[in-house]
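Take a look at the structure set out below.
Numbering (the working numbering), first residue to last: 15 to 148.
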């Protein structure tokens, strides 16, 4: 059974997700729009393509989102993806950017730099002593 996508309801969902009031959307769509007209628009099953393009531009959401979003399918995908909430509760991500390891690495690089500088200083001192003896 083919289920129709309710474009008006999708406009309402996305508008609410963006926390935009009907009055604000009406204002952005132009002078001939008002809150009541937006409310009626959100009840329509199908919205004209040119109007969907206008709404898409205002909300910065692709037209296809209004035409194809199906809440039931989204819920099915989510419920089929997460079988056990226990896995979500015990989720412990691991990151490879341990600050202590980074500090130790920087410290070791600093020690290596000091050792190279000391070696160069000792070599320079030997050269200077040879110049002085001549």
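Virtual Cβ for every residue (Gly too), placed ideally from N, Cα, C. Here the structure is a predicted model, which means the values were calculated and not measured.
Relative to the alpha-carbon of residue i, which residue among the options has its alpha-carbon at the smallest distance?
{"i": "residue 32", "options": "81, 72, 146", "result": "72"}
{"i": "residue 82", "options": "135, 65, 145, 60", "result": "60"}
{"i": "residue 56", "options": "44, 126, 69", "result": "69"}
In terms of residues, what are the limits of the alpha helix (DSSP H) holding residue i?
{"i": "residue 44", "result": "Run containing residue 44: none; DSSP gives neither H nor E here."}
{"i": "residue 121", "result": "113 to 147"}
{"i": "residue 28", "result": "21 to 31"}
{"i": "residue 80", "result": "77 to 82"}
{"i": "residue 63", "result": "63 to 73"}
Using a Cβ-Cβ cut-off of 7 Å (strictly less than) and excluding sequence neighbours within five positions of residue i, which residues of its own chain qualify?
{"i": "residue 40", "result": "47, 48, 49, 51, 52"}
{"i": "residue 36", "result": "49, 52, 53"}
{"i": "residue 63", "result": "none"}
{"i": "residue 42", "result": "72"}
{"i": "residue 122", "result": "none"}
CB-CB under 6 Å to residue i, same chain, minus the five flanking residues each way: which ones, in chain order?
{"i": "residue 58", "result": "22"}
{"i": "residue 75", "result": "28"}
{"i": "residue 101", "result": "Annotation note: pLDDT 49 at residue 101 (below 50); position unreliable, no value reported."}
{"i": "residue 15", "result": "Confidence at residue 15 is low in this model, with a pLDDT of 44, below 50, so the placement of that residue is unreliable and no value is reported for it."}
{"i": "residue 24", "result": "80, 83"}
{"i": "residue 139", "result": "none"}
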